[in-house]
Amino acid sequence: MDYKKYGLKFYTKTVIEDVKGVKVPKMLGVIEGPVNKMIRAYTDEFSFMRHQTMRDQRPSKK
C-alpha cells in the first residue's frame, strides 16, 4: 500500500503475543479517512463494502 494516498492516514502498532511460550510480534493497523476516499484509493481491499454518497442518491439533472 502507498503512504499518503488521497490524504488517508495510517497508524500501526506492534503487539507482542505469547503463543505456546514463544513471543510472536503482530502488527495491527488503522486507516483514518472518509470511506469514499478509502474505497477509491484501495478498491480491491474494500470491495466488500457498499457505500453511497449523497451525490449518488440524487437524481441526475437530465
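Read left to right, the sequence shown gives residues 34 to 95 (the numbering used here). Idealized CB from N, CA, C, for every residue including glycine.
Task: Test item: CB-CB of Tyr39 and Lys70 under 8 Å - done: Position 6 of the sequence shown, counting from 1, holds the residue named residue 39. Position 37 of the sequence shown, counting from 1, holds the residue named residue 70. Against a cut-off of 8 Å, the Cβ pair of Lys70 and Tyr39 comes out as a contact.
Open item on the list: Can you tell me where the alpha helix (DSSP H) holding Lys70 begins and where it ends?
Closed with: Taking the sequence shown and counting its residues from 1, one reaches residue 70 at position 37. 68-74 is the span of the alpha helix (DSSP H), which, as asked, contains Lys70.
Task: Identified DSSP bridge partners for Met82 - done: The sequence position of residue 82 within the sequence shown is 49, counting from 1. Paired residues: none, contrary to the question.
- [ ] For my contact list, Thr47 and Met60 are in at a C-beta cut-off of 8 Å; report their separation, rounded to the angstrom.
- [x] Translated into positions along the sequence shown, residue 47 becomes position 14. Translated into positions along the sequence shown, residue 60 becomes position 27. Yes, Thr47 and Met60 are in contact; Cβ-Cβ is about 5 Å, under 8 Å.
Task: For Pro58: DSSP bridge partner residues - done: The residue labelled residue 58 in the question sits at position 25 within the sequence shown. Answer is Ile49.
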